[in-house]
Each structure stands twice: as C-alpha cells, then as structure tokens.
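Engineer:
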Amino acid sequence: MSDEAQLSREAALLTARAERLRQRKEAEDEDEGIWAAEFSLGNERYALPLDRLQGCQPLKGVSPVPLARQGVVGITRWEGKVVAVFSLSTLLGLKGWRRDPAVLLFVSTARSVVGLDCEEIPRSVLLPFQALASAAAGRGALRPLSLGADAQGAPRLVQWIDPDLVLEARTQP
Amino acid sequence: MNSDDLQKELMHAFEGEAAGLLSQASQALMELEAAADADARGQLYSRLGRCLHTLKGTGATVGLMDVAEVAHKLEDRLAPFKSRALPLAADEADLLLKGLDVLRQRIKAHAKGHGGKLVNPSAALPELYGGSALGAAPGPAPAAAEAGAPRPAAAAEEGGGFGEASWKIDEAQVLGLLRDVERLREHQLSLRDRRLGIARAATGIREGRVEEARTQLGLLEAALAHDVENAATLVELLEERLKTIHSLPLGRLQEPLARALRDACRQTGKQARLALLGGEIAVDKRLIESLRGSLLHLVRNAVDHGIEAPEVRDAAGKHREGVVTIRFEQEGNLLLVEVADDGGGVDPERLRQAALKRGLRPQAELKAMDEKALLELIFESGFSSKDDVTQLSGRGIGLDVVRAQVRALKGSVELNSRVGQGTRFTLMLPLELGATPLMMVRVGAQVFGLPVGAVESVLAVAKATLSGGAQPRLDFRGQWLDIADLGALVGLRPAVAPDLTQAILILQNGGRRLGLLVDTVDGDAELVVLPLPEELGMGARSPYAGASLYLGAELVLVLKSEWLLARSIEAPASSALSRRALVVDDSLTARAMHRAALESGGFAVLAAASGAQALSLIEKSPVDFVICDIQMDGMDGFELTRRLRAAPATSRLPILLVTTSDSEEDRQRGREAGADAFLSKRECASGRLLQAVAALRER
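Those sequence lines, one after another, are chains A and B.
Start counting at 1 in the first sequence, then tack on 249, and there's your number in our numbering.
Start counting at 1 in the second sequence, then tack on 125, and there's your number in our numbering.
1. Identify every residue that forms a DSSP beta bridge with Lys330/A.
2. Pull up the CB-CB distance for Ala734/B and Leu723/B, whole angstroms please, since I reckon it's below 8 Å.
3. Cα separation between Ala609/B and Arg567/B?
4. Below 8 Å on the Cβ atoms is my contact criterion, and I expect Gln303/A with Ser357/A to pass it. Report the Cβ-Cβ distance as a whole number of Å.
5. What's the gap between the Cα of Glu259/A and the Cα of Lys806/B?
6. Are the CB atoms of Gln401/A and Ala265/A nearer to each other than 9 Å?
7. Relative to the alpha-carbon of Gly636/B, which residue among Gly333/B, Arg320/B and Ala691/B has its alpha-carbon at the smallest distance?
8. Find the residues of chain A that neighbour Gln571/B, judging by a C-beta separation of less than 9 Å, and give them in chain order.
9. Can at least three beta-carbon pairs, one atom from the region 317 to 329 of chain A and one from the region 573 to 581 of chain B, be found at a separation below 8 Å?
10. Which chain B residues are close to Arg405/A, counting only those with a beta carbon under 8 Å from its beta carbon?
11. Here's the rule I'm using: 16 or more other beta-carbon atoms within 10 Å means buried, otherwise exposed. How should Ala721/B be labelled?
12. Quick one: what's got a C-beta closer than 6 Å to Glu687/B's C-beta in the same chain, skipping five residues either side?
13. For Ser542/B, does the count of other Cβ atoms within 10 angstroms reach 16, so buried, or fall short, so exposed?
14. Please tell me whether Phe335/A has its Cβ less than 9 Å away from any Cβ of chain B.
15. Look up Gly447/B in the DSSP assignment and say whether it is helix, strand or coil.
16. Hey, how far is the Cα of Leu821/B from the Cα of Ala739/B?
17. Between Ser357/A and chain B, is the shortest Cβ-Cβ distance under 9 Å, so that the two count as touching?
18. I'd like the ranges of any beta strand (DSSP E) spanning at least 3 consecutive residues and lying wholly in the region 379 to 405 of chain B.
19. Short of 7 Å in beta carbon distance, which residues of its chain neighbour Pro412/A, apart from the five on each side in sequence? Order them along the chain.
20. Which residues bound the alpha helix (DSSP H) around Asn426/B?
21. Which residues bound the alpha helix (DSSP H) around Met190/B?
22. Name the chain B residues that come within less than 9 Å of Gln319/A, Cβ to Cβ?
23. Does the CB of Asp710/B have a neighbour CB from chain A at under 9 Å?
24. When we look at the beta-carbon of Gln327/A and count the other beta-carbons within 10 Å, is it buried (16 or more) or exposed?
25. For Ser338/A, does the three-state DSSP call read helix, strand or coil?
26. Any Cβ of chain B within less than 9 Å of the Cβ of Val322/A?
27. Using the three-state DSSP reduction, which class does Gly468/B fall into: helix, strand or coil?
28. Can you confirm whether Ser700/B, when its beta carbon is compared against all beta carbons of chain A, has any partner nearer than 9 Å?
29. Please report the distance separating the alpha-carbon of Gln793/B from that of Arg392/A.
30. Can you pull the chain B neighbours of Pro298/A, defined as C-beta to C-beta under 8 Å?
31. What does Leu680/B touch in chain A if you count any residue whose Cβ is under 9 Å from its own?
32. Just how far apart, CA to CA, sit Thr551/B and Gly403/B?
33. So the alpha helix (DSSP H) Ala325/B belongs to, where does it begin and stop?
34. Name, please, each residue of chain A whose Cβ falls closer than 7 Å to the Cβ of Leu713/B.
35. Considering only their Cβ atoms, is the gap separating Lys395/B from Ala434/B smaller than 9 Å?
36. Give the straight-line distance between the Cα atoms of Leu682/B and Leu253/B, rounded to the nearest whole angstrom.
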C-alpha cells in the first residue's frame, strides 16, 4: 500500500472514529442510551446490560461438576458463595468458538449471580435506546441490535443478551 | 465501669454458669432415680451436691439471696438420702426437679431485670419449705404462682438455653482470637516488606542492576511462598476458632429431652427411656435453640400417643419400658433428626375418623385418601386423634407448630408409622455453618468428599480379597460386596477393574454396603459444606450434598452416600461402545463445549485435561476416536498423537486435532505426527465438528 493510500485510509478511520465519538457524546448528553458490556464470541458480537456485570476475572479456579447438564462448565467461588459457571456459547446454542475462553464474567440474574465464560474482557459501550426499542419488539433471550455502521462502513450488529431468559431456558430441571 | 454495669456483667456470667450446673444437676437426679447400685448413687449424690453448693455460693456472691436460699433448701432436702446413698423415690425426685426448675426460672427472671416481680420462694415451693405433702406429679400448679414464671412441665422448653440470641465466648477463646490478630498483623508487616522488596528489584532493573534484581526476586518468591502457607494456616485457625464459638454438640439436648420424657412418663404412668445417638455432632447453637421446642414436643408426643401403658406392652409381648430414640446424622449440609418410638404406631383409620369427627375434610375426600395422605393430617392445625385432652398433648396443637418451626428453618418433616411397631418422625434441616468430617478421595484429576460417617472402612486393593471374573466382588468380613467404580458412577470414565494402586471404601447407608473403588484416598478433612447453586438444576436427585473449599484453593464436590448406593444398583447407562469419544483439552470450557456438541450428536463423551491423563484413560478403557487440542501445557497434541500411534493398541485410533490457530505449518506437523484430521476452532464455531467426526469414523 502506498503512503498516500495509507494516509487516506487512516484519515477515513479517524473521521469515522470522530463521528462515532460525536454520536456517543450526544447520546450520553441526552441520556438516551443504556450502558452495556460488549464482547465478541465466535464470529459475532454480544452485549448484556452493564449493571448486570458484577465482576470479571481470569477463567481459572473452576471445578468441573460431573453429571451436570450441558452448558455447565463447573462451579467456582464468588464473594464467599458457590456459583455455577456456564459456557455462554452453549447457552446461546453456538456450535463452537474462535478461541478458548479466558475470561470469567460474574453476571447477576433475577435469582443470584452466575459465572459465564467469555473470550475477552468486555468493553463498556452506550447503546442508544432507539436501537434497543427496535429490538424490544423481538422475543427471546437473544435479540439483534442494529447499531449503524462500523468504521469501514459495514453494518454494526450486536446480539443483545437477556441473562435471565438465557438462564431460564437452560437451567430448568 | 459503674456498679450497675458490673452487676449486669456478673449476672450475665452467672446465668451461663448456672445453666450448665442446673443441667448437670437435673441429669444427675434422673440418673439417681434409675440407679440400683449404692456406689453409683453415692457418686451421683456427690455430683448433685456439688452443683447445688456452687449454685448457692455463686448466687449469694452476685446478690441473688433467693437463689442461694432455694439451693440451700434443696441441699437440706437431699442430705439424708446423700449420707446413706439411699435410693431416690420418684416423688422425691419430682420435688427436687421442681426445685431446679424454680431456680432456673428465678435466675432467668433476675437476668432479665424482673427479679423484683418474683414472689417469695416458699410460695413457689411449699413442699420444700415444710408445706404440703409430697406426691403431686409434676404439674403447673405451685410454681406458676410466680410472676412470669413458666409451668414446670415447660421448664425444659423455656429455660436452660445455650446462649439464645448472643454468643458466649470464654477467656481462652478471646485470647486465641487476640493471638490470631497479632499473627495477622505480623503477616501484614511481612507482606509490606515483600512489596518494598519488589519495588527495590524494579528500581534495580530500571538502573541496569539486573543480576542483583534477579537474585532479589528469587528470594522474594521463596518468601512469598512461605507467606501464602502462613496465610492458609491463619485462615484455618480462624475458621477453627469461629467453629468452636458458634457450635455446640447436639448432645446438649440430652438433659432437657430426658427430663421431658421423664415428666411425661410420670404424668401418664408409662415407662420409657431415651436413647440419643449422634450427640457428638456439633452444629450452630442457634439451630439447637430453634430445634429444642420441636424435639421436646415430639418426645412428649411419643410418650402420650406412641408408647403404650406397661400392661398393654406386656400383653403385646413388648418390654414394659418403651424406648424413644433420637438420632442425629449429618449428611453434607443436611442435618437429619429422627425421633422414633417403639409404641403402638399411628392407625390411619383412626386418623380418618378423627378428621371426620372434627370436620377437617369432607367425608368423600377423606375416603379417597391413601395412608400417606392420612398420616399428613396429623400435621394440621386443630388435629388430634385423642378423644381426651391431656396436658401433654392431644390439645390439637403441637405437630402443626412443629412443622411450622421446621419449615421456618427451611427444613421438612416426614412421618412414618407401622401399627403395633412404632412411629418415626424424620426432620431434615439445612446447615448453614458447621464443619463436616469428610473422607477425601480422588478419581483421575477430580477430588471428591464423602461423609466420614458413611465410610465404614478403607482397604487397599492390593490387600483386599477379590473374587475373579468380569465383575469382581470384595470379601469384607465374610460378606461378599459389590464393587462400583466411583469414576464410572459419576460418568468420568467407563467402569474399570480394580488395580493394585487403587483403594476400596466400604460405604454403608440404611443397612446396605458397597465397595467403592477410587484411585487414591487423601484422608480425612473437617470442611464446611456449602450448598450448590440452584442454577445447576440438579434438583433433589443430585449426587452432591454440596461443595467444600479444599486445601485452601479449589472447590470439591461432596457426594451423597445414599445416591452412590442407589446408583450402583441402577442399570448402567446404555452407551454404545462404538460411539465413545475422548476429548483432550486443557481448557475446561473447551471440554464443556466439545462435550455439548458431541453429546448432541449422540456420542458418549469422556474428557481428559492433559495428554498424560488421556493416555491413562485410554489404557484403562478403549475409546473410538479422540478429539485433541494442540496447544496444551506439558504434552501437546502432536506429542500425544505420536505416542498413540506408537502403541499397537491405538496405532489406528482415529484422531482429530483442533486448534485456535489455523496455520499450514500446524496442519503439516499434525499429519506428520499421525493425526487423521485437523479442524480449527473457527471451523468448530461453524458447526463442522460433527461433520468432521462423521468423516473420521467413515474412514
């Protein structure tokens, strides 16, 4: 790639980034969004409400539970209690993954806190209510959110996770 | 501290001491009633005399002259019997026990600051002060005259608590905690030194003194390893101390329960004795307090409704004296309490008639009820099968309250009964605190705990006598026992034949025995068993009683012995041998995800966390194909493949390598090692795992 082409590409990236930041600022100013924890899993990006995220740590210290149902990775301790750790990919019905999960998220649900494995540390993003409202019409534990375009102009899609519904569907005896 | 505060403190200390003395005195009195031997009586009189004398002296010291006076009167009353070690008649024991009740009530009233409302002790105990004659069975009349005083029959229920809402800590325990704080302070200082050492090493690196920093860091690493051990010891010590502060042995209930039984027998003219088993189990003292009322009621109920009159028992061929057995057993984080009697049992038909008479249910509904449903009626408010209402029970209250109390403790209560043979109430209560003695065992890399109470014996396979054949049995004290492989029972591996390095635990529960094969036995450990989260969805049929933190690091699962015994006689799960996969991956979540994918394809899945573990598993139980991660610590996937190919038994075993990277170099190395197929985890993400496995098996 020539220097000129490289400069032009970088300029486009910076312009797009500036535009995203302006949008984010507006959204924050107008209090028109909801903070979410966004991360990638397999080939897609996912988000869950940030206020549900209680903690995040390296994925270790999990003890397997033989004879547990599918999706259960094991148990671990969190703030003095034993919590169940689930494979998020399995809960979401994904068939595989890109890289081995290395992060353990502690997520509060309607009943308690559970651990969910994850490929990376989530980043906090403000998702506009507008996108959430359009997804609200959908049903189920997972709802696609359309968040405009990314820096390369490609549609930016995030799967919105409802932790309660995801677990409810998978942990019924 | 002003004089009021001092008096309160003294009173508080005396209340605790007096509760113990009164309990000992009461126990001695009940034993005296039954003691046939003069020597034994002499010792019991001495013990009783010491208790009364101490109560008198200490009561006077804290200014409770009425207490000192009653204790003195009781001593006087006892003197002629004591001097010649005479048998103690039941009437006399009634009076002395009533005197102890009055003392208990008065001390309690003083401790609560209600001492001024108490009437003269002579009014509460006219017999002791030379008033009316002896002979009255224990009942509510005289002592109830005291303001706020409970009737003697309920004394065991309301008095003599073990600390009620507050903890009582003795001097040694406080000093122990202070020592622990000092140790923690030392630990804190040593950690601060380590931090300074790290800062110095960092400065050294910045300034180019790398060798010096390296040495410094090496020393720090060793010191920190020591700190970690030290911290673990401190945590253990603190846990231990807290346990001794908040726990009490259940045997503390012996005296009040024996007293309730004795008084109930005196009132009904029946004969019974109490047998208490498992009294050494220590649980949270708040639980003992909460259980006390329910157990007292169940004991009185057993005498009033269960145990027959001596002549009826005679006619039925039973011993004239009935037995009420209370058995405590801890199973993981559950406390099981059984209150059983060998009386006449509960007749479901009588319950049906009683319910009909009281209009508790429509006739048609009662007619349709089976035996179990009829027995449940006994727990309903307002229910009594007795026509006459007695002071003990049959008042239509009681068992409903027992059930409510047990439910308030998040427990449950069950009734089993056989007409003519007896009745058994089983209470199951969750334990929040309290350590459980566990036997720690290993199967492969997994550690499990088993309640020590369920393990009768531990044998090394090398020293055990086994029968031959495909399913060997164990000769245990002349009895041939089935052997079950723990690894197979919990699905970690197919059943393996015992080998000389393994051990067999003799499990027993409910009269059944089983030889449980494990790889190694770590030994005993006293651990707190925490409940498993509901989200695991394992329900009531879970194999696990809970989980415990073992060796200060990892959670280990605590197995239920009854589950193991039941599982061992179930038909083994049908998993076609041709569909058995072994997943080898050092990532726990990767194993879980492969397992989910493969099980959805109908495969039975075994898992190994390392190459070495995989080799050991395959040696013991053949598999049909292997899915192996490449990047693993120790032996990587290439090396495992090479080793499998080198062994004649696995030289043609289909092997699929998976990896997060997708390089041609890795594929080439995989082929050279002897792998049959290669899949990137990205391809796994596209759902290609099952297709790849199908292609592999068609080769």
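Where a beta carbon is used, it is the ideal one built from N, C-alpha and C, also for glycine.
Structural biologist: According to the data block:
1. Bridge partners of Lys330/A: Trp327/A.
2. A Cβ-Cβ distance of about 17 Å is found for the pair Ala734/B and Leu723/B, leaving them out of contact under the 8 Å criterion.
3. Whole-angstrom Cα-Cα distance: 14 Å.
4. Yes, Gln303/A and Ser357/A are in contact; Cβ-Cβ is about 5 Å, under 8 Å.
5. For Glu259/A and Lys806/B, the gap between their C-alpha atoms comes out near 32 Å.
6. Cβ atoms of Gln401/A and Ala265/A: closer than 9 Å.
7. In terms of Cα proximity to Gly636/B, the closest of Gly333/B, Arg320/B and Ala691/B is Ala691/B.
8. Those are Ser312, Pro313 and Pro315, listed as they occur along chain A.
9. No, the region 317 to 329 of chain A is not in contact with the region 573 to 581 of chain B.
10. Listed by position along chain B, the residues whose Cβ is nearer than 8 Å to that of Arg405/A form an empty set, because the closest Cβ is around 20 Å away.
11. The residue in question, Ala721/B, is buried, as its Cβ has 16 or more Cβ neighbours within 10 Å.
12. Excluding sequence neighbours, Glu687/B sits near Asn634.
13. With 16 or more other Cβ atoms inside 10 Å of its own Cβ, Ser542/B counts as buried.
14. Chain B, which has a Cβ nearer than 9 Å to the Cβ of Phe335/A, makes this yes.
15. Of the three classes helix, strand and coil, the one that applies to Gly447/B here is strand, per DSSP.
16. Computed Cα separation, rounded: 19 Å.
17. Under the Cβ criterion of 9 Å, Ser357/A is not counted among the residues facing chain B.
18. Taking only runs of at least 3 residues, the beta strand (DSSP E) segments lying wholly in the region 379 to 405 of chain B are 397 to 402.
19. So the list reads Leu297, Arg301, Val356 and Thr358, once near-sequence residues are dropped.
20. Segment Lys410 to Asn426, the alpha helix (DSSP H) holding Asn426/B.
21. Met190 to Ser208 is the extent of the alpha helix (DSSP H) around Met190/B.
22. Below the 9 Å Cβ cutoff, chain B contributes Ala717, Arg720, Ala721, Glu724 and Ser725 as neighbours of Gln319/A, in chain order.
23. Yes - at least one Cβ of chain A is within 9 Å of the one on Asp710/B.
24. Note on identity: in this sequence residue 327/A is Trp, with Gln being the wrong assignment. Around the Cβ of Trp327/A, a 10 Å sphere holds 16 or more other Cβ atoms; the residue is buried.
25. Secondary structure at Ser338/A: helix, using DSSP grouped into helix, strand and coil.
26. The C-beta of Val322/A comes closer than 9 Å to at least one C-beta of chain B.
27. Reduced to three states, the DSSP call for Gly468/B is coil.
28. Below a pLDDT of 50, predicted positions are generally treated as unreliable, and Ser700/B, at 44, falls in that range; the measurement from the model is reported next regardless. Not closer than 9 Å to any Cβ of chain A, the Cβ of Ser700/B fails to qualify, so no.
29. So the alpha carbons of these two residues sit roughly 41 Å apart.
30. Within chain B, no residue comes near Pro298/A; the closest Cβ sits about 18 Å away, beyond 8 Å.
31. Those within 9 Å of Leu680/B in chain A are Gly310, Val311, Ser312, Gly323, Ile324, Thr325, Arg326 and Val331.
32. Roughly 14 Å between the two C-alpha positions.
33. Rather than Ala, the amino acid found at residue 325/B in this sequence is Arg. Following the DSSP letters along the chain, one finds Arg325/B inside the alpha helix (DSSP H) bounded by residues Glu296 to Arg331.
34. Contact annotation for Leu713/B against chain A: Val311, Pro313, Val322 and Gly323 [CB-CB distance below 7 Å, chain order].
35. Yes, Cβ-Cβ distance for Ala434/B and Lys395/B is below 9 Å.
36. Here the C-alpha atom of Leu682/B lies approximately 59 Å from the C-alpha atom of Leu253/B.
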